[in-house]
Every structure is written in C-alpha cells, then in structure tokens.
DNA sequence: GCACCCGGTCACAGTTTGATGACACAACCC
DNA sequence: GGGTTGTGTCATCAAACTGTGACCGGGTGC
C-alpha cells in the first residue's frame, strides 16, 4: 500500500483504531474482522455511527453470511484474504472515487460541468457566465437532480421569500439560464419544465 | 433481485443497455463482462462518461487483472460469479448507500412505475405524459391503494372544492388517465370502477 | 321486459400556462 | 456622471389543458 502511494498507519486492536480515527482523519479504514477485543464488524458499526468514512473489511472469513453481515454493518466492500495488493488498491480507488464524488465540488453532466467550489460553469469546456441569481437557481436545481422543484420552493430558496408567489420571476430566470446552458433552449435537455408543477434538472 | 424488492430489466447486449439507460434512469447497472459486441468493461466506461450511475461488473472472469481493469474503468464493484443473491443484494445496497443519490421515491406496480419525486410515470419503461390534473388524480388514487375513493372526496382533494359535486368531471379525468396507463382501457387493471361509490386503485 | 340510473365517451371552446422578448429601474464600477 | 450589468415586471403569443354537456350503452331493480 505504501508503495502504491498511500500513507498507512496500522493498529493492533479495534479500540486503538477507533481512538485514532478521529484525530488522524484517514481517507479510508481497512479492517480485519478477526480482531482481539471488539471485532472488525463492530468497529465498522461504530465508525458508521461517527461518520461516512469509507470502510473495507478485509478478512479470511469469506462465508456468504459473513459478507452480508459485514456489508450490512455499513462496510463499503468486503474483501477475502489473500488478496493481491493491486486488486486491493483498485478496490480502494473505486470506493474513494465514489466517496469523493459525493462531497466533490465538481459535478459533471455530459458536457456540462458545474464547479460548486469555484462557482464556475463550463459547457463543452467553454466557461459560461452566469449572473448570481442564475447561478443560485442552477445550483439549487442541481442539488436535487431528477426532482421536480416547484416555483414556490424556488422563490423561497433562491430568492427571498418576501416575493409574491404569483409571478413569472422563476420562469424568466429559468429562461435566462437555459439560454446560456442549453444548446437549443426551445428543447431543453438539462432543465425540464413540468407543467403545472415546476422545473426539474435531469442530465440528458 | 425481484424478490428482494428491486424492479429489474435486462438486456442482451451492451448497446441495448446503453440505449435504455437514459430513458429508464435505473438506480444501478449490473453488467456481465462477456457480452456480444462491446464488452461490459467498455459499457461501464461509456456509462461513466455520461454520469455517476453506480455500476457492478458481474462476471465469471475473476483474474486479478480483470478485476483491476474493471474497477479502473469506473465500476463500483467487481463480483465474480457464481454469487449468492443475498450477497449481491448486500453489495448493491452498500453501493447505493454510498451513492445515495438515486433515492427517489418510486413506486412500482408491475409495468407501471410512478416516480413521485420526478413526477414521472412510466409504463413498460416508456414514459407516459400525464397532464397536471391527471397526475394529481393518479397520485391521489395511488396514495390509497386498494381503497375506494368517492367522487366528492376526489373533487375536494384533486380539484378545488369549489366545484359542483354533480358532474362527469372525475369520470372524464379517470377515463383520460386510463386511456394513457391502461393497456386495455375497457378492462382496466389499475383503476377500477366501483359502481355507486367511486374508484379504486389496485395493482393487477 | 322495461324504465332508469350510472358511468363511459367525445369534441370543443374557453382558460390556463409557460416561453419569449422588451423594458425600466437599481446596483455597480470606473 | 456615464456606462454597464443584473434583475424584476409586463405584454404577448402559442400551446396545452380542462370543464362541460350531450349522447350512448350497459347494468340494475322492479
């Protein structure tokens, strides 16, 4: 693992590991199930109570039941020893990739890239200039991909709720965003209108 | 998988699967690596270009290299056949838990899928367009499966209660919904008429 | 068998809804 | 101050939706 570019710290018991996880903030925990004291599955459960830290259970016990119990305990993967370092590394990467994308600032929908950290939007690698309101609207829609958000909600969240509920304000802003990010605004592929309800962001 | 509460659709080739993924918006894709035409790993790569859809590669080839290549292609897990359904289910849950995104509240009645978050209705994987009133009516019926809802109640809830109770309004709307979701509107399998009382939604 | 009631069906016009573009005003920046 | 940018509002238009009432047909009770 060290040779793969990871920095590794190991502990002999579950208690020890749990004690250090808070302080060290590792990217991932790899637990043996057979441990002195509390076993790996229980360690995994306790980690899950604390946070979303990715966990791999790595053990010699590969019964179906063990696997199911381990995964149900909140583990992201269950790997049976012996395992090639390269395979373990690939599995670690797969899990980290998934775990990162959840907290990542960048989201990609086909050609459209939304960088929530830098507050930048690019379409086909060309940067799109969005005004503050437009950006807030787009981010709000993207925060709930596939969900229909109604106008009242959008007015409350994107604008101050002090506005009259009955206005074409949301529509106008959606149009402006569409004009900028949709290849053909008349047939939008990102922001869809759901007549009578609101708008839905769903990637093409 | 169906018995575990999942709704499953399968395709014989990678091309076919890719074609349908956009329309069906599944929560997860489980791919065999050995496919006619483009192989599962390549399908996985193409899915990754589009979006974050969770992918499990499920295959008989369990060489270390295969596993590494599969995971590097963007798969979330690589499972070697044969596999116990319970184990696969546990792995699916672990990945969905981590992906977390695809937690839209969908209800499935055979071919009919109603997504209450996206406000989408699909029948046999084809999207059905319902008008706002039709959709509100269907959602209300679905909210009480197996129960008979009378016209006065439906008028009050789906429509403004300002309407006269004595009109063909509800009937007409039910007909319109039936025309769209019932394979044979004359012999409805979803929305049943209870003469003298109202309508009842009960899955076939 | 008959009258009657209830729900199915249909077409259409009036209404609602959202798209679009123009515009005025405010905020901001030199 | 003058230009520029951002934003809310409005008018207009096309498209979509929906209530209505008339008519039909089958089931129901007598």
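Protein chains in written order, with our numbering: chain G, 1 to 204; chain P, 205 to 408.
Glycine is no exception: its CB is placed at the ideal position from the N, C-alpha and C atoms.
### For residue 208(G), the nearest candidate out of 118(G), 24(G), 136(G), 109(G) (CA to CA)
The structure shown does not extend to residue 208(G), since chain G spans only 1 to 204, so no value can be given for it.
### Task
Over the uninterrupted alpha helix (DSSP H) stretch that includes residue 122(G), give me the two end residues.
No alpha helix (DSSP H) holds residue 122(G); the beta strand (DSSP E) holding it covers 120-123.
### Task
Just mark residue 202(G) as buried or exposed, buried being the case when its beta carbon has 16 or more other beta carbons within 10 Å.
buried
### Task
State the Cα-Cα distance for the pair residue 91(G) and residue 36(G), rounded to the nearest angstrom.
26 Å
### Query
Taking one C-beta from the region 14-34 of chain G and one from the region 56-65 of chain G each time, how about it: are there three or more such pairs within less than 8 Å?
yes
### Complete runs of the alpha helix (DSSP H) confined to the region 113-186 of chain G [at least 4 residues]
132-143, 151-158, 169-181
### Partners in chain G for residue 336(P), counting only beta-carbon separations shorter than 7 Å
195, 196, 197
### Task
Label residue 49(G) either buried or exposed according to how many other C-beta atoms from any shown protein chain fall within 10 Å of its C-beta, with 16 as the threshold for buried.
exposed
### Message
By the 9 Å beta-carbon criterion, what residues does the region 98-121 of chain G contribute toward chain P?
### Response
98, 99, 101, 102, 107, 108, 109, 110
### Message
Beta carbons nearer than 9 Å to chain G: which residues of the region 338-357 of chain P have them?
### Response
339, 340
### Query
How should residue 51(G) be labelled, buried or exposed, when 16 other C-beta atoms within 10 angstroms of its C-beta is the threshold for buried?
exposed
#### Entry: residue 399(P) to residue 193(G) span [Cα, whole Å]
37 Å
### Query
Buried or exposed: where does residue 174(G) fall if 16 or more other Cβ atoms within 10 Å of its Cβ makes it buried?
buried
#### Entry: Separation of residue 403(P) from residue 372(P), as counted between CA atoms
13 Å
### Query
If you follow the alpha helix (DSSP H) that residue 269(P) is part of, which residue opens it and which one closes it?
268-276
### Query
Taking residue 337(P) as the reference, which of 376(P), 292(P), 311(P), 322(P) has the closest Cα?
376(P)
### Query
Buried or exposed: which applies to residue 334(P), given that a residue is buried once 16 or more other Cβ atoms fall within 10 Å of its Cβ?
buried
### Query
Ordered along the chain, which non-local residues of its own chain (more than five positions away) have a Cβ less than 7 Å from that of residue 45(G)?
73, 74
### Query
Mind pulling the chain G residues with CB within less than 8 Å of residue 283(P)?
Going along chain G, no residue has its Cβ under 8 Å from residue 283(P), so there is no contact; the nearest lies around 10 Å.
### Query
Thinking C-alpha only, which one of 53(G), 43(G), 21(G) is nearest residue 302(P)?
53(G)
### Task
Grab the span of the beta strand (DSSP E) containing residue 233(P) for me, first residue to last.
233-235
### Query
Under a Cβ-count criterion, where at least 16 other Cβ atoms within 10 Å of its own Cβ denotes burial, should residue 392(P) be classed as buried or exposed?
buried
### Message
Classify residue 324(P): buried if its beta carbon has 16 or more other beta carbons within 10 angstroms, exposed otherwise.
### Response
buried
### Query
Taking Cβ-Cβ distances shorter than 8 Å, what residues in chain G pair up with residue 264(P)?
Per Cβ cutoff of 8 Å: no residues; residue 264(P) is ~17 Å from chain G at best.
#### Entry: Pair within 8 Å by beta-carbon distance, residue 190(G) and residue 139(G)
no
### Which of helix, strand or coil DSSP assigns to residue 106(G)
strand
### Query
Which term fits residue 25(G), buried or exposed, when burial requires 16 or more other beta carbons within 10 angstroms of its beta carbon?
exposed
### Query
Who are the near neighbours of residue 107(G) in its chain, counting only those whose CB is closer than 6 Å to its CB and skipping five residues on each side?
114
### Partner residues on chain P for residue 86(G), Cβ-Cβ distance less than 7 Å
268, 272
### Query
So, using beta-carbon positions, are residue 273(P) and residue 247(P) closer together than 8 Å?
no
### Query
Around the C-beta of residue 166(G), are 16 or more other C-beta atoms found within 10 angstroms, so that it is buried, or is it exposed?
exposed
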